[in-house]
Structure formats: C-alpha cells, structure tokens
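Using UniProt numbering, the first residue of the sequence shown is number 1, and each one after it goes up by one.
We treat Cβ as the ideally placed atom computed from N, Cα and C, and that holds for glycine.
Structure, as structure tokens:
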Amino acid sequence: MHPALLIQDIQYCILDQILSKKTINAFARSCKAFTETALDTQWRDLDSFTRLIECMPHDLWNRDIICSRLDGIDEHTFVSNQWSSYTRL
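This is the structure we're talking about:
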C-alpha cells in the first residue's frame with residue numbers, strides 16, 4: 001500500500017466520498033490500516049439511537065420498547081430538551 005494511504009486525513013477524505021455504509025463496513029473489515037478510520041466514519045452519523053443502544057448487553061434493553069420510545073426523537077429534539085441535564089453534571 002502506498003504510504004500516503006496510511007495518513008488518517010487522507011483516509012477520511014476517501015471514506016467521506018463513500019455513501020454506502022456497507023462499503024465503509026467492508027473497508028473496516030478488509031484493511032487493517034483503514035479499520036479505525038472506517039469505524040469512526042461508520043459511527044459518526046447515526047440514523048437513530050437504536051444502533052447505539054443495541055451495542056449494550058441484551059439484558060439491558062428490549063428492542064420493541066426502545067424503538068417505540070425513540071420514534072420521533074431526532075438530534076434537534078434531543079439537544080434542545082435534554083442537553084441541559086448533561087451540562088449540569
């Protein structure tokens with residue numbers, strides 16, 4: 001591999017051009033040099049909180065309950081309604 005491809009800024013530029021999460025996931029699994037950058041790109045923009053919550057142990061959540069509670073919550077709603085509670089900590 002060309003040494004320029006080992007620079008993370010260049011990797012981010014490459015991965016930012018890829019729109020498919022499947023392709024980014026394939027980058028993360030196929031090339032050790034791209035793993036960290038690809039995973040950062042994969043998790044940077046989440047469609048919902050559901051995928052993040054699914055990373056927790058299964059005995060802590062029930063998919064049906066979480067999905068029904070998170071429906072209708074977008075990033076703006078979360079920030080405007082709940083950010084103040086996190087800044088008090």
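Other residues of its chain near residue i: CB distance less than 8 Å, five sequence neighbours each side excluded
i   : result
S30 : none
S20 : none
Proximity winner among the options, relative to residue i (alpha-carbon distances)
i   : options              : result
T35 : A4, Q11, P57 and I53 : Q11
D45 : E54, D16 and K32     : D16
N22 : K32, L39 and L6      : Note that residue 22 corresponds to Lys in the displayed sequence, not to Asn. Of the listed residues, the one whose Cα sits closest to K22 is L39.
Residue i and residue j closer than 8 Å at C-beta
i   : j   : result
Q8  : N25 : no
A33 : M1  : yes
Cut-off 7 Å between Cβ atoms - residues of its own chain near residue i, not counting five sequence neighbours on either side
i   : result
F27 : L15, F34 and A38
Same chain, Cβ closer than 6 Å to residue i, neighbours up to 5 away in sequence not counted
i   : result
I18 : I24
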